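Residue numbers (our numbering): 976 to 1257. A virtual CB, placed ideally from N, CA and C, is assigned to each residue, including glycine. Please read all numbers here as calculations on a predicted model, not as lab measurements. Here is the structure we will look at, set down as structure tokens.
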């Protein structure tokens, strides 16, 4: 029997029996994918309108590049980039669901309390800012828990695992137990494609994605235009849409509940087609 997965947004349960598409908005000058970089007010509003018009359910706003070659912004620097964008989005699209992409607890707190962000997306699983879990508990919003070792600048030197899939499953088991002690129960699991994983490990993770349903939590997959696609295909992020669509399809067939993407229209079409197929999956 399948477990019905939901997330709580402002007191309303959002059913994930039909997967949701999360559109990426990077308010940063150095994201790995050029087309995702939006900084002016006009660019931000236009991008959000495209996400929503194309069927995106969530806008994921980030100001920090996670490329291994990028330097960390401080919490203050990140806030200076993020908060004007959040204010603009909330004013222009008051009913939109906003996910804030940050590993700083103070930034998450301001985004939720002042600008009404609905979800916290933390690539570090509470490791970079140890106060994150406590802040999430007080804010009472869904928390995206991602698997990564180290930090983006060191993660690709940390790809040795004793038992690869088992180690990642244990990571989530341990983190969920800690979150539960804090009273955080609205958790979304992100296996962390591209973070502290080799090319082969990323594809092994995709092959075993169904294992992560053991936690009975929503699963988010973010593989959009990543190096696991463009390096394998010997191309560029700009020419990786076909590969992205293939892996989004594989993810959906494995039961992913949220797709984090640059290309919303194409992902929404994937969801529609796979949803039609899964009607017959008894």
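task = Mind checking which residues open and close the alpha helix (DSSP H) that includes residue 1118?
result = No alpha helix (DSSP H) holds residue 1118; the beta strand (DSSP E) holding it covers 1118–1121.
request  = Write down the C-beta distance between residue 1035 and residue 1097 rounded to the nearest angstrom, noting that I regard them as a contact closer than 8 Å.
outcome  = Going by Cβ atoms, the distance from residue 1035 to residue 1097 rounds to 12 Å, so no, they are not a contact pair.
query = Is residue 987 helix, strand or coil when you go by DSSP?
reply = In the structure shown, residue 987 sits in a strand (DSSP, three-state: E or B).
ask   = Does the distance from the C-beta atom of residue 1198 to that of residue 1181 stay below 9 Å?
value = A contact, by the Cβ cut-off of 9 Å.
message = Between 1147, 1031, 1053, 1112, which has its C-alpha nearest residue 1123's C-alpha?
response = Taking only the C-alpha atoms, the option nearest residue 1123 is 1147.
message = Just verifying my parser: in three-state terms, what is the DSSP assignment at residue 1124?
response = Coil.
ask   = Along the chain, where does the alpha helix (DSSP H) that runs through residue 1155 open and close?
value = Going by DSSP, residue 1155 is part of the alpha helix (DSSP H) stretching over 1139–1157.
key: residue 1074 in three-state terms, based on DSSP   = Three-state result, residue 1074: strand.
ask   = Under 9 Å between the Cβ atoms of residue 1246 and residue 1227?
value = Cβ atoms of residue 1246 and residue 1227: closer than 9 Å.
request  = Excluding the 5 residues preceding and the 5 following residue 1074 in the sequence, name in chain order all residues of the same chain whose CB lies nearer than 8 Å to its CB.
outcome  = Only 997, 1033, 1034, 1035, 1036, 1092, 1093, 1094, 1095, 1096, 1119 meet the Cβ criterion.
request  = Just the C-alpha distance for residue 1224 and residue 1153, rounded to the nearest angstrom, thanks.
outcome  = Residue 1224 and residue 1153 have their C-alpha atoms some 32 Å from each other.
Best match in 1159, 1047, 1079, 1136 for proximity to residue 1113 [C-alpha to C-alpha] = Ranked by Cα distance from residue 1113, the first of 1159, 1047, 1079, 1136 is 1159.
ask   = Taking the alpha-carbon positions, what's the residue 1236 to residue 1242 distance?
value = Taking the CA atoms as reference points, residue 1236 sits about 7 Å from residue 1242.
ask   = Which one of 1254, 1178, 1238, 1057 has the shortest CA to CA distance from residue 1090?
value = Closest option to residue 1090, Cα to Cα, is 1057.
ask   = Does the Cβ of residue 1162 have 16 or more other Cβ atoms within 10 Å, making it buried, or fewer, making it exposed?
value = Buried, because 16 or more other Cβ atoms sit within 10 Å of the Cβ of residue 1162.
query = Apart from the five residues just before and just after residue 1071, which ones in its own chain have a Cβ nearer than 6 Å to its Cβ?
reply = Sequence-distant partners of residue 1071 (beyond 5 residues in either direction) whose C-beta falls short of 6 Å from its own C-beta, in its chain, are 1034.
Separation of residue 978 from residue 1184, as counted between CA atoms = Answer to the nearest angstrom: the Cα atoms are 16 Å apart.
query = Going by Cα to Cα distance, which pick from 1116, 1234, 1166, 1003 is closest to residue 1080?
reply = Among 1116, 1234, 1166, 1003, the Cα nearest to that of residue 1080 is on 1116.
task = Locate the alpha helix (DSSP H) running through residue 1063, then write down its first and last residues.
result = Under the DSSP assignment, residue 1063 falls in the alpha helix (DSSP H) whose first and last residues are 1050–1067.
ask   = What first and last residue would you give for the alpha helix (DSSP H) that runs through residue 1022?
value = First-last of the alpha helix (DSSP H) with residue 1022: 1016–1028.
Test item: CB-CB of residue 1215 and residue 1169 under 9 Å = Annotated as distal: residue 1215 and residue 1169, with beta-carbon spacing of 9 Å or more.
task = Would you kindly check if the distance between the Cβ of residue 1186 and the Cβ of residue 1140 is under 9 Å?
result = Residue 1186 is positioned such that its CB atom lies closer than 9 Å to that of residue 1140.
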